[in-house]
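Engineer:
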Amino acid sequence: MKYDFNQVCDRKKTDCLKWDMVQSIFGSEDLIPMWVADMDFPVAQPIADAIKKRAEHPFYGYTKPGSSVLDSVVERMWRKFKWKIKPEWIVFTPGVVPALHVAIRSLTHPGDEVILQEPVYHPFFPAVTNSGCQIVNNGLRLINGRYEIDYDDLERKFQPKTGRLRGPSRVKTIIFCNPHNPVGRLWKREEIIRMGEIAINNGAVVISDEIHCEILFDNHRHTPFASISQEFEQNCIVCMSPSKTFNLAGLDVSSIIIPNKKIREDFINTQSGIVPSLNLFGYTAMETAYRYGDDWLKQMLDYLQENLDFLKEYLTKKIPEIKVIQPQGTYLIWLDCRGLNMDKFALSSFMKEKAKVGLEDGFIFGEAGAGFMRMNIACPKITLEEALKRIESAVNSL
Ligand SMILES: Cc1ncc(COP(=O)(O)O)c(C=O)c1O
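Below is the structure:
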């Protein structure tokens, strides 16, 4: 089936966070929202059909996924990444963010430390602090327009403390984001190995958030952390979900893949009775997406690539003060706005009040994000073009 991603759909009055909350989030109604990570594209037809069919059977009681749902995840990991997993490794959670909270609580004690790599997806911060742990920032380095892991700094973060705070390392885990939100890096195999070995040598479990792993540009290929080796497999919690890939965020469905029995049991015990089981439509959507969604996905990725090329060309030609940090993955584009010479609050107000475009402020991803903005380009090209025209005209009026 041929999908038309140029079609502009009215999402207002559907309790849609992105469009219906514009006034309360940005303070005026006439903004183009390009912030939260969902797409302005309708889902693949087989998913909509499967949900309608399931809804027609008027029993929405307690649900437990059967082998067909589990197999759809097992098969997808193999087909997409040549990663062989077992059905019993999968723990379903109603989202990756709750899984991160559970993972940290299950791996740490209050007072322990958790490494993050800022600028990074901001819900990682409360996942650490609400568990009573301390954030240790192994900040990414921006070198010639590309973000890199600072391995020397990562090693140092594990070293025993000296001085007043001396004592053994309290780092118990690291949240690794691959592809990385917001900087768009897909970490290469050798980068994953180097980072993972430092973690393993220092006794830290890696929580690998791979939610964006199927949104890739230029035929890049994703490597799941656990697929590196058996040692890596036994030392991680991998967070997967169809929600970004197939635009299913409102259905709250994710698969947390935990090969290590002890780590998995601790995770399950920690969430038991607190984190609810999934909405039954989530299972239907996930299985259908994984089995029958690839036709839509391929067309959507081609469209996204065109949007990215359009964005880059537009900025280069017409707004050279703003530069795209070239992403390998995610539809969330990290814009280097430092050429506008504004402090972070002025930049935020400028985009909201002058340009009337609802972007995500870079500084909410950590102080290293000051001077940057994150733009969601998963929208019809006409919407992207209108947003860019607004930014251009605001910049010209400076
Ligand atoms: C890296 C990352 N993890 C998790 C999430 C959200 O996951 P969920 O909606 O499944 O809780 C997002 C959403 O943007 C994300 O970018």
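In our numbering, the protein residues as written are 1177 to 1574.
Here a beta-carbon is modelled for each residue, glycine too, at the ideal position from N, C-alpha and C.
Can you check the region 1250-1295 for any alpha helix (DSSP H) of at least 4 residues that lies completely inside it and give the ranges in chain order?
Structural biologist: Whole alpha helix (DSSP H) segments, 4+ residues: 1272-1283.
Engineer: Could you tell me which of Asn1395, Leu1535 and Val1571 sits nearest to Val1198, measuring between CA atoms?
Structural biologist: Looking at the Cα atoms, Leu1535 is the closest of the given residues.
Engineer: Would you tell me roughly how many angstroms separate the C-alpha atoms of Arg1332 and Val1312, rounded to the nearest one?
Structural biologist: Taking the straight line joining both Cα atoms gives about 11 Å.
Engineer: Taking 8 Å as the cut-off, does the region 1530-1547 touch the region 1350-1364 (at least 3 CB pairs, one atom from each stretch)?
Structural biologist: They touch, by the three-pair rule.
Engineer: What are the start and end residues of the alpha helix (DSSP H) that includes Arg1467?
Structural biologist: Start and end: Leu1456 to Tyr1468.
Engineer: Could you please give the first and the last residue of the uninterrupted alpha helix (DSSP H) stretch that includes Arg1322?
Structural biologist: Unbroken run through Arg1322 is the beta strand (DSSP E), Arg1322 to Glu1324; no alpha helix (DSSP H).
Engineer: Would you check if there are 3 or more beta carbon pairs closer than 8 Å linking the region 1454-1467 to the region 1290-1297?
Structural biologist: No contact exists between the region 1454-1467 and the region 1290-1297.
Engineer: Please write down, chain order preserved, every residue whose beta carbon lies under 6 Å from a heavy atom of ligand 1.
Structural biologist: Listed along the chain, these residues meet the criterion: Ala1213, Gly1271, Val1272, Val1273, Tyr1297, Cys1353, Asn1357, Asp1385, Ile1387, Ser1417, Ser1419, Ala1425 and Ser1430.
Engineer: Identify every run of the beta strand (DSSP E) within the region 1494-1571, keeping only runs that are complete inside it and at least 3 residues long; order them along the chain.
Structural biologist: Fully enclosed beta strand (DSSP E) runs of 3 or longer: 1508-1512 and 1548-1552.
Engineer: Excluding the 5 residues flanking Asp1329 on each side, which residues of the same chain have their C-beta closer than 8 Å to its C-beta?
Structural biologist: Only Asn1314 and Gly1315 meet the Cβ criterion.
Engineer: Look at the alpha carbon of Phe1235 and the alpha carbon of Lys1229, and state the distance between them as a whole number of angstroms.
Structural biologist: Looking at the two C-alpha atoms, the distance is approximately 12 Å.
Engineer: What is the rounded straight-line gap between the Cα of Phe1257 and the Cα of Leu1574?
Structural biologist: Answer to the nearest angstrom: the Cα atoms are 48 Å apart.
Engineer: For Trp1265, which residues of its own chain have a beta-carbon under 8 Å away from its beta-carbon, when the five flanking residues on both sides are left out?
Structural biologist: Taken in chain order, the residues that qualify are Ile1433, Ile1434, Pro1435 and Arg1440.
Engineer: Smallest Cα separation from Leu1292: which of Ser1282, Cys1192, Thr1305 and His1285?
Structural biologist: Among Ser1282, Cys1192, Thr1305 and His1285, the Cα nearest to that of Leu1292 is on Thr1305.
Engineer: By how many angstroms is the C-alpha of Leu1516 removed from the C-alpha of Met1527?
Structural biologist: Near 11 Å, if we compare the C-alpha coordinates of Leu1516 and Met1527.
Engineer: Considering Asp1225, what are the terminal residues of the alpha helix (DSSP H) in which it resides?
Structural biologist: Element bounds for Asp1225: Gln1221 to Glu1232.
Engineer: Return the residue from the list Lys1438, Lys1420 and Phe1548 that minimises the CA-CA distance to Ile1217.
Structural biologist: The sequence shown places Phe at residue 1217, not Ile. It is Lys1420.
Engineer: Would you mind working out which of Asp1512, Leu1508 and Thr1460 sits nearest Glu1232, comparing C-alpha positions?
Structural biologist: Considering only alpha carbons, the answer is Thr1460.
Engineer: To the nearest angstrom, how far is the alpha carbon of Ile1223 from that of Pro1418?
Structural biologist: Straight-line Cα distance between these residues: approximately 12 Å.
Engineer: Starting from Lys1348, follow the alpha helix (DSSP H) in both directions and report where the run begins and ends.
Structural biologist: Unbroken run through Lys1348 is the beta strand (DSSP E), Val1347 to Cys1353; no alpha helix (DSSP H).
Engineer: So, under 8 Å CB-CB, Ile1369 and Ile1391 are touching, yes? Tell me the CB distance rounded to an integer number of Å.
Structural biologist: Ile1369 to Ile1391, Cβ: 23 Å. No contact.
Engineer: With a CB to CB cut of under 7 Å and the five nearest residues on each side skipped, what residues in its chain are close to Lys1188?
Structural biologist: Excluding sequence neighbours, Lys1188 sits near Trp1195 and Asp1196.
Engineer: Taking the C-alpha atoms as reference points, what is the distance between Glu1561 and Trp1211?
Structural biologist: Rounded to whole angstroms, Glu1561 to Trp1211 spans 16 Å at the Cα level.
Engineer: Please state whether the Cβ-Cβ distance between Thr1506 and Ser1282 is less than 7 Å.
Structural biologist: Cβ distance not < 7 Å, so Thr1506 and Ser1282 don't count as in contact.
Engineer: Please state whether DSSP places Asp1485 in a helix, a strand or coil.
Structural biologist: Correct three-state label for Asp1485: helix.
Engineer: Please state whether DSSP places Pro1209 in a helix, a strand or coil.
Structural biologist: Here Pro1209 sits in strand by DSSP.
Engineer: Specify the secondary structure class of Ile1387 as computed by DSSP and reduced to three states.
Structural biologist: If DSSP states are grouped into helix, strand and coil, Ile1387 belongs with coil.
Engineer: Could you please give the first and the last residue of the uninterrupted beta strand (DSSP E) stretch that includes Met1416?
Structural biologist: Counting along the chain, the beta strand (DSSP E) containing Met1416 begins and ends at Cys1412 to Met1416.
Engineer: By the 10 Å Cβ neighbour count, where 16 or more other Cβ atoms means buried, how is Asp1288 classified, buried or exposed?
Structural biologist: The residue in question, Asp1288, is buried, as its Cβ has 16 or more Cβ neighbours within 10 Å.
Engineer: By the three-class DSSP mapping on this structure, what secondary structure does Gln1335 have?
Structural biologist: Gln1335: coil per DSSP, three-state reduction.
Engineer: Report all residues from its chain with a CB closer than 7 Å to the CB of Val1556; omit the five preceding and five following residues, and keep chain order.
Structural biologist: In the sequence as presented, Val is not what sits at residue 1556; that position holds Pro. The residues are Phe1181, Asn1182, Gln1183, Val1184 and Asp1216.
Engineer: Under a Cβ-count criterion, where at least 16 other Cβ atoms within 10 Å of its own Cβ denotes burial, should Ile1558 be classed as buried or exposed?
Structural biologist: Ile1558 is exposed by the Cβ-count criterion.
Engineer: Classify Ile1319 as buried or exposed, calling it buried when 16 or more other Cβ atoms lie within 10 Å of its own Cβ.
Structural biologist: Answer is exposed; the Cβ neighbour count stays below 16.
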